[in-house]
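Numbering-wise (this note's numbering), the sequence shown opens with residue 413 and increments by one.
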Amino acid sequence: MRRQKFDSINVVPFIDIMLVLLVIVLTTASFIQTGIIKLDLPTSSSKIEEKPKKELKISIKKNGDIFFDKEKVEQEEVEKRLLSHSKESPIHLYSDKEAKFDNFVFILDILKKNEYENLGIVTKND
413 MRRQKFDSIN
423 VVPFIDIMLV
433 LLVIVLTTAS
443 FIQTGIIKLD
453 LPTSSSKIEE
463 KPKKELKISI
473 KKNGDIFFDK
483 EKVEQEEVEK
493 RLLSHSKESP
503 IHLYSDKEAK
513 FDNFVFILDI
523 LKKNEYENLG
533 IVTKND
């Protein structure tokens, strides 16, 4: 009887073990919380109250009317009224789903032109 020489190593069990280890690492990595740094902040005797930023609500109705905080504004006055608000104050943009998209883009163009970046587009959940 002759003995056979094994010229190659069977790597299938090695690949199986590596895949199992990969699955374990990926599942445990999803449970690790990242970016949380617990701090015990010092206290101070002087307190400076931060004034809450007044948010601006811009609404576009189905018929194209534009409202700034429940006050109707003509299209020609939108930019002037917008410039009276701070660029740091948040702006929430509401638009009726049946309103023309032109009015929505008109508002976004004015916001972009005047470098307002604190913008939220409000939608409702289904």
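We put the CB at the ideal spot given by N, CA and C, even for glycine. Computed from a predicted structure; not experimentally measured.
Original post:
What number of angstroms, rounded off, separates the C-alpha of S507 from the C-alpha of K499?
Top reply: 21 Å
Subject >> E491 versus P502 - alpha carbon distance >> reply: 16 Å
Original post:
If you draw a straight line from the alpha carbon of T439 to that of V423, how long is it in whole angstroms?
Top reply: 25 Å
Original post:
So, L505 versus I478, is the Cβ gap smaller than 8 Å?
Top reply: no
**OP:** Run through the region 479-508 for me and flag every whole alpha helix (DSSP H) of 4 or more residues, listed as ranges in chain order.
**Re:** 490-495
Subject >> Delimiting residues of the alpha helix (DSSP H) encompassing K524 >> reply: F513 to K525
Original post:
Going by the C-beta, is I436 closer than 7 Å to any heavy atom of the ligand NAD?
Top reply: The ligand content of the structure shown is nil, which means the ligand NAD is not present either.
**OP:** Name the two residues that bound the continuous alpha helix (DSSP H) containing I427.
**Re:** V424 to A441
Subject >> Pair within 8 Å by beta-carbon distance, L468 and D481 >> reply: yes
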